[in-house]
Amino acid sequence: MANTIDTSALKSVASQDAPLKGVSKTFNDLIETSKNLPSTSSELGSVLLNVNEIRKRAAELRAKNTELRSSHHTRAHYLLAGSGLAIQDVESSLKVLESRQLLEQNVHNKILDGDLDTYLRNKKDENILSSIEQSLSLAAKDFDNFVNANFNLDWKQRKEEVRSSFLGIMWKNDSAYNASAPVSDSSVVTWPKKGSGILDGESKLNINENYVVREKFERYARIVNRFNNARQSNNSFPFAKEFIDVFDNSADSKHRQLLEAWKFLDFYHSEADSMNVVEISKKYLENQFMEYVDTLYKKNRNGGLPTNINKVKSFIESKLKNPNNTWKFGNLTVVNGIPVWALIFYLLRAGLAQEALEVAINNKLSLKKVEQSFLAYFKAYVASKDKRLPQEFVTRLHTEYNQHIKNSLDGDPFRLAVYKIIGRCDLTRKNISTITLSVEDWMWVHFMLIKDDIANDDPVYERYSLLDFQNIITTYGSASFSNNYLQVLLLSGQYELAVQYAYSINELDAVHLAIALADAKLLRVTDNVTDDEFSVTPNNERRVNFAKILGNYTKSFKFSDPRIAVEYLLLIALVDDKKQVELAHEALRELVLETKEFTILLGKINRDGTRIPGIIEERQPLLFLADKEDFLHKITEQAARRADEDGRVHDSLLLYQLSEEYDIVISIVNKLLSEMLSNTDLDQPLLKQDDNNETNPFLIAKKLIDVYIKNLEISKKVHRKNKETCILLLKLVDIRRTYIARQYQNTLNQIEELDLLPSVDSSSPRKKAQEFRNLDECIIKNIPNLLIIAMSCVSNLIKQLGKGPFVNSATEAQIEALRRVANNYMIYRGMIQYKMPREVYNALINLEIGI
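By full-length UniProt numbering, the letter at position 104 of the sequence shown is numbered 104, and the numbering carries on one by one without gaps.
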């Protein structure tokens with residue numbers, strides 16, 4: 001045995017000569033060139049030296065010229081550049097020569113020492129391991145070359161693309177998941193890029209700051225809950241009226257702003273179907289004014305019948321008279337103690353055009369000569385549906401206005417106002433400076449002058465649109481309107497700016513104002529979740545990031561009150577837009593993953609495998625989801641995929657189970673169990689005292705496979721191969737237990753029952769090698785450890801049999817059978833060509849030697 005040499009080892013040694021052939025030509029050229037060198041006159045001395053002397057002098061030169069290595073290296077590059085010989089190739093070749101030279105020296109020393117058997121045995125091990133390492137190195141190099149040749153990517157550009165776009169995650173036909181699941185458009189989900197989620201925004205609001213804030217938060221949350229209940233039942237809900245009740249009795253100026261805002265929204269909700277923005281706002285201001293006039297009339301308790309004309313007369317008496325019973329305007333046209341033009345103006349202001357015409361007709365005789373044609377104009381104005389004069393009257397009225405009314409020194413200021421309103425006169429000066437107007441009066445006058453249906457042939461000086469009015473308001477800014485700016489913005493149709501301004505009053509109220517505007521379909525929202533809460537498009541159109549507003553609001557209570565957070569995030573889908581519905585789905589998925597309140601939000605799994613729905617599924621109709629399957633796919637399953645992408649394996653495991661993707665659950669459990677088996681030392685137990693069925697893969701797998709097999713409905717959804725793999729892995733755990741208990745014969749019996757490794761039959765290795773290719777990856781990963789366990793059991797059993805007191809022919813037959821099994825194991829190992837770790841090969845070789 002000592003004098004025999006393993007031919008496979010020699011082949012391995014020969015394989016080490018392969019790298020030398022590639023550099024032989026290079027060094028042959030150098031040797032030929034060296035013949036031209038002088039033999040004695042060189043400062044290096046004679047070059048006809050033996051190898052040991054060359055090595056000695058080279059070492060001396062290296063020590064002497066360490067500081068010159070860098071410059072010499074550089075010079076070598078220049079020297080060889082013209083010859084076409086790469087300095088890297090020379091270095092590589094030198095290293096190969098050096099390693100072989102040292103190897104030969106070691107061989108020579110060992111042979112001289114007479115330890116040839118030990119040398120050959122070690123040499124065999126080194127050669128096998130060296131071959132493996134070389135194979136792995138070549139494979140890695142081939143892979144790198146393949147990547148470089150086939151993937152030409154500009155990573156900087158790719159980075160920017162990922163930043164500016166979404167990452168699409170598809171259902172992959174992958175062994176880690178459902179291998180037979182078809183890829184379809186419905187299974188694609190788009191995730192916002194990381195760091196810019198809907199719930200990742202900033203908010204200074206703290207709903208638990210004090211008792212007052214918390215109470216207000218809870219009151220608003222109850223309103224939102226009832227609102228969602230009504231929506232789900234397809235019933236109407238007085239959302240604005242609920243908030244009117246909140247502010248109705250408050251005397252705070254900021255609260256009065258909010259009260260007026262909610263009153264307008266309530267009015268808008270009732271009139272939106274019949275009028276446009278200008279008409280609704282004008283009508284609202286007229287109703288608001290009439291309510292004030294009515295309240296003042298009741299307070300003063302004036303005599304006479306409570307007609308609208310008498311009420312407005314009472315208002316004029318209280319507002320336009322001085323304490324000494326004289327009129328504040330000295331040039332009013334007063335008939336029977338009543339300023340006629342002022343009465344006509346304020347009747348128009350209250351929306352009482354017919355009553356105003358009645359007053360004009362009753363006072364016809366009191367009109368001046370220049371005013372005689374007014375009745376004709378006024379009748380035509382009141383009779384028209386859009387309160388616009390025919391063009392023939394417009395021309396005549398403008399002429400009279402410019403010649404007699406506009407610059408009249410003693411003219412009644414209310415006459416000028418009435419002419420200006422019904423004829424839309426002198427639009428270059430829209431204000432009526434001679435009359436003191438409230439903010440509401442000022443807005444009403446502008447609404448009376450606005451004409452949105454502007455024709456192309458309309459003169460420029462007669463054009464005045466809602467957009468023009470909006471620009472005037474934003475130019476003035478909030479300081480010009482005191483505590484009326486929120487109302488002004490809402491009435492002028494600047495809803496996005498109104499929500500933004502409301503944040504300066506109170507964030508909690510601003511959020512609910514935005515909800516009401518979204519419900520009324522008044523908000524223009526952005527589809528890009530990465531936009532700020534408020535933005536302006538290139539064409540100067542304001543946009544609101546409604547999803548982010550609600551996401552920011554829930555930030556302060558999503559962990560303490562996840563149920564309430566769901567109620568608010570559902571409202572993202574209020575905006576009738578497919579993208580906003582998708583954002584609502586995404587926001588709820590984020591909530592699930594961040595809070596981990598899976599039971600509350602998504603439900604739970606009973607012991608028998610049945611699923612109890614959570615709060616999100618109970619609100620399924622508000623998310624525009626067709627049925628339970630649609631909900632499970634778009635919310636629960638996609639949340640599971642997100643958790644999986646983020647590396648949150650146990651979260652994804654539970655979420656996949658809640659989404660009833662039982663095959664994926666088993667696939668994940670198989671992976672976890674396979675990883676645990678392959679990464680745990682063979683002498684270490686797989687179960688610890690503190691392990692439970694929520695963290696330990698073995699306990700999880702054991703519990704699930706038991707439930708899934710018993711429940712036929714669930715069992716149908718799990719692929720047979722995945723179930724078989726899970727059962728095999730569980731048997732591997734049992735094998736490990738038996739092995740750790742040193743029950744070697746029982747361990748071998750269990751391994752034989754698995755039918756994964758070859759038996760004593762000589763044809764078995766080839767058969768098992770063919771079957772190996774069809775095994776699941778989770779099983780393949782554990783074949784190395786299984787081989788070590790099997791070889792170790794064989795080795796220990798042979799030692800036990802050999803040390804027994806009675807060694808007979810039966811014992812020798814057992815030992816021989818065990819050796820044949822071990823030999824089949826090693827043949828099988830070589831046939832499967834599986835790249836096992838180096839330590840596995842080392843262990844198997846050592847075990848083989850011991851046998």
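The beta carbon of each residue, even a glycine, is placed where N, CA and C say it ideally should be. These figures come from a predicted structure and were not determined experimentally.
| Alpha-carbon to alpha-carbon, Ala520 and Leu673 | Counting from one through the sequence shown, the residue named residue 673 turns up at place 673. Counting from one through the sequence shown, the residue named residue 520 turns up at place 520. Approximately 54 Å between the Cα atoms of the pair.
| In three-state terms, what does DSSP make of Pro306? | Translated into positions along the sequence shown, residue 306 becomes position 306. In this structure, Pro306 counts as coil in the three-state DSSP scheme.
| query | Taking the alpha-carbon positions, what's the Asp532 to Gly201 distance? | reply | Walking along the sequence shown from the start, residue 532 turns up at place 532. Walking along the sequence shown from the start, residue 201 turns up at place 201. Their backbone Cα atoms lie some 9 Å apart in a straight line.
| message | Between the alpha carbons of Asp706 and Pro697, how many angstroms are there, rounded? | response | By one-based count along the sequence shown, residue 706 stands at place 706. By one-based count along the sequence shown, residue 697 stands at place 697. Counting only the Cα atoms, Pro697 lies some 14 Å from Asp706.
| task | Could you tell me how far apart the beta carbons of Pro562 and Leu591 are, in whole angstroms, since I believe they sit closer than 8 Å? | result | As a position in the sequence shown, residue 562 is number 562, starting the count at 1. As a position in the sequence shown, residue 591 is number 591, starting the count at 1. A Cβ-Cβ separation of about 7 Å places Pro562 in contact with Leu591 under the 8 Å criterion.
| query | In chain order, what residues of the same chain have a beta carbon less than 7 Å from the beta carbon of Tyr568, not counting five sequence neighbours either side? | reply | Your numbering for residue 568 matches position 568 in the sequence shown. For Tyr568, where only same-chain residues beyond five positions count, the Cβ hits under 7 Å are Val224, Leu550, Tyr553 and Thr554.
| said: Could you tell me the alpha carbon to alpha carbon distance between Gln743 and Arg736, rounded to whole angstroms? | reply: Looking up residue 743 in the sequence shown gives position 743. Looking up residue 736 in the sequence shown gives position 736. Rounded to whole angstroms, Gln743 to Arg736 spans 10 Å at the Cα level.
| task | Look up Gly603 in the DSSP assignment and give the residues it is bridged to. | result | Taking the sequence shown and counting its residues from 1, the one referred to as residue 603 is at position 603. DSSP lists Pro613 as partners of Gly603.
| task | In the DSSP assignment, find the unbroken beta strand (DSSP E) run with residue 852 in it and report its ends. | result | Only positions 1 to 851 of the chain appear in the structure, and residue 852 is not among them; the question remains open.
| For Tyr220 and Pro613, the rounded distance between their alpha carbons | Position 613 of the sequence shown holds residue 613. Position 220 of the sequence shown holds residue 220. Cα-Cα distance, rounded: 26 Å.
| request: In the DSSP assignment, find the unbroken beta strand (DSSP E) run with Phe534 in it and report its ends. | output: As a working mapping, residue 534 is identified with position 534 in the sequence shown. First-last of the beta strand (DSSP E) with Phe534: Phe534 to Val536.
| query | Taking C-alpha atoms, which residue in Gln580, Leu658, Leu699 and Ile635 lies nearest to Lys611? | reply | Taking the first residue of the sequence shown as 1, we reach residue 611 at position 611. What sits at residue 611 in the sequence shown is Arg, not Lys. The residue with the shortest Cα to Cα distance from Arg611 is Leu658.
| task | Would you give the residue range spanned by the alpha helix (DSSP H) that Arg642 belongs to? | result | Along the sequence shown, read from residue 1 onward, the residue named residue 642 stands at position 642. Run containing Arg642: Gln638 to Glu645, per the alpha helix (DSSP H) assignment.
| query | What is the C-beta distance between Tyr401 and Cys425, in whole angstroms, given that I count them as a contact (C-beta under 8 Å)? | reply | Mapped onto the sequence shown, residue 401 falls at position 401. Mapped onto the sequence shown, residue 425 falls at position 425. Going by Cβ atoms, the distance from Tyr401 to Cys425 rounds to 5 Å, so yes, they are a contact pair.
| field | Residue(s) in a DSSP beta bridge with Ile338 | value | In the sequence shown, residue 338 corresponds to position 338, counting from 1. According to DSSP, Ile338 bridges with Val335.
| message | Tell me which residue opens and which closes the beta strand (DSSP E) that Arg463 is part of. | response | The count along the sequence shown starts at 1 and reaches residue 463 at position 463. Note, Arg463: premise wrong, no beta strand (DSSP E); not H, not E.
| request: Specify, as a first and last residue, the run of the alpha helix (DSSP H) that Arg429 falls within. | output: Here residue 429 refers to the residue found at position 429 when the sequence shown is read from its first residue. Where Arg429 is concerned, there is no enclosing alpha helix (DSSP H), given that its DSSP letter is neither H nor E.
| query | Would you call the CB atoms of Ala518 and Leu574 closer than 8 Å? | reply | Translated into the one-based positions of the sequence shown, residue 518 becomes position 518. Translated into the one-based positions of the sequence shown, residue 574 becomes position 574. A contact, by the Cβ cut-off of 8 Å.
| By a C-beta neighbour count over all protein chains shown, 10 Å radius and 16 as the cutoff for buried, is Ile111 buried or exposed? | Within the sequence shown, numbered from 1, the residue matching residue 111 stands at position 111. Unreliable placement is indicated for Ile111, whose pLDDT of 46 sits below 50; no coordinate value is reported for it.
| Among Asn363, Phe598 and Leu801, nearest to Val334 - alpha-carbon criterion | Sequence index remark: in the sequence shown, residue 334 carries index 334 (1-based). Answer by Cα proximity: Asn363.
| said: Rounded to whole angstroms, what is the Cα-Cα separation between Pro306 and Tyr297? | reply: One-based indexing of the sequence shown puts residue 306 at position 306. One-based indexing of the sequence shown puts residue 297 at position 297. Answer to the nearest angstrom: the Cα atoms are 8 Å apart.
| Beta-carbon proximity of Met443 to Leu486, cut-off 8 Å | Sequence index remark: in the sequence shown, residue 443 carries index 443 (1-based). Sequence index remark: in the sequence shown, residue 486 carries index 486 (1-based). Not in contact: Met443 and Leu486 (Cβ atoms no closer than 8 Å).
| query | In three-state DSSP terms, what is residue 852? | reply | This structure cannot settle anything about residue 852, because the visible part of the chain is limited to 1 through 851.
| Among Arg524, Ile815 and Val529, which has the Cα closest to the Cα of Asn540? | Taking the sequence shown and counting its residues from 1, one reaches residue 540 at position 540. With distances taken between Cα atoms, Asn540 lies closest to Arg524.
| said: For Thr474 and Tyr495, I'd like the C-alpha separation in whole angstroms. | reply: In the sequence shown, counting from the first residue as 1, residue 474 sits at position 474. In the sequence shown, counting from the first residue as 1, residue 495 sits at position 495. Their Cα atoms are separated by approximately 13 Å.
| message | Do Glu637 and Glu617 count as a contact pair if the criterion is CB distance below 8 Å? | response | For the purposes of this step, residue 617 is taken as the residue at position 617 of the sequence shown. For the purposes of this step, residue 637 is taken as the residue at position 637 of the sequence shown. No, the Cβ-Cβ distance between Glu617 and Glu637 is not below 8 Å.
| Does the region 674-685 come close enough to the region 784-795 to have 3 or more Cβ pairs within less than 8 Å? | yes
| How should Val821 be labelled, buried or exposed, when 16 other C-beta atoms within 10 angstroms of its C-beta is the threshold for buried? | Working through the sequence shown from its first residue, we reach residue 821 at position 821. Buried is the call here.
| request: Can you give me the Cβ contacts of Glu752 inside the same chain, cut-off strictly under 8 Å, excluding the 5 residues immediately before and after it? | output: Walking along the sequence shown from the start, residue 752 turns up at place 752. Cβ neighbours of Glu752 beyond the five flanking positions: Ser759.
| field | As assigned by DSSP and simplified to three states, the class of Lys368 | value | Stepping through the sequence shown from its first residue, residue 368 is reached at position 368. Here Lys368 sits in coil by DSSP.
| query | With burial defined as no fewer than 16 other Cβ atoms inside 10 Å of the residue's Cβ, what is the status of Gln580: buried or exposed? | reply | The sequence position of residue 580 within the sequence shown is 580, counting from 1. It is buried - the Cβ of Gln580 has at least 16 other Cβ atoms within 10 Å.
| Can you list, in chain order, the stretches of the alpha helix (DSSP H) that have 4 or more residues and sit fully within the region 783-837? | For the region 783-837, whole alpha helix (DSSP H) runs of length 4 or above, ordered along the chain, are 783-802 and 809-832.
| task | Please state if the CB of Val418 and the CB of Trp341 are separated by a distance shorter than 8 Å. | result | If you number the sequence shown from 1, residue 341 lands on position 341. If you number the sequence shown from 1, residue 418 lands on position 418. Yes, the Cβ-Cβ distance between Trp341 and Val418 is below 8 Å.
| query | In three-state terms, what does DSSP make of Val511? | reply | To locate residue 511, count along the sequence shown from 1; it is residue 511. Correct three-state label for Val511: helix.
| task | Can you give me the Cβ contacts of His269 inside the same chain, cut-off strictly under 7 Å, excluding the 5 residues immediately before and after it? | result | Taking the first residue of the sequence shown as 1, we reach residue 269 at position 269. Taken in chain order, the residues that qualify are Ala240 and Ala520.
| Given 8 Å, three or more beta-carbon pairs between the region 817-832 and the region 794-803 | A contact exists between the region 817-832 and the region 794-803.
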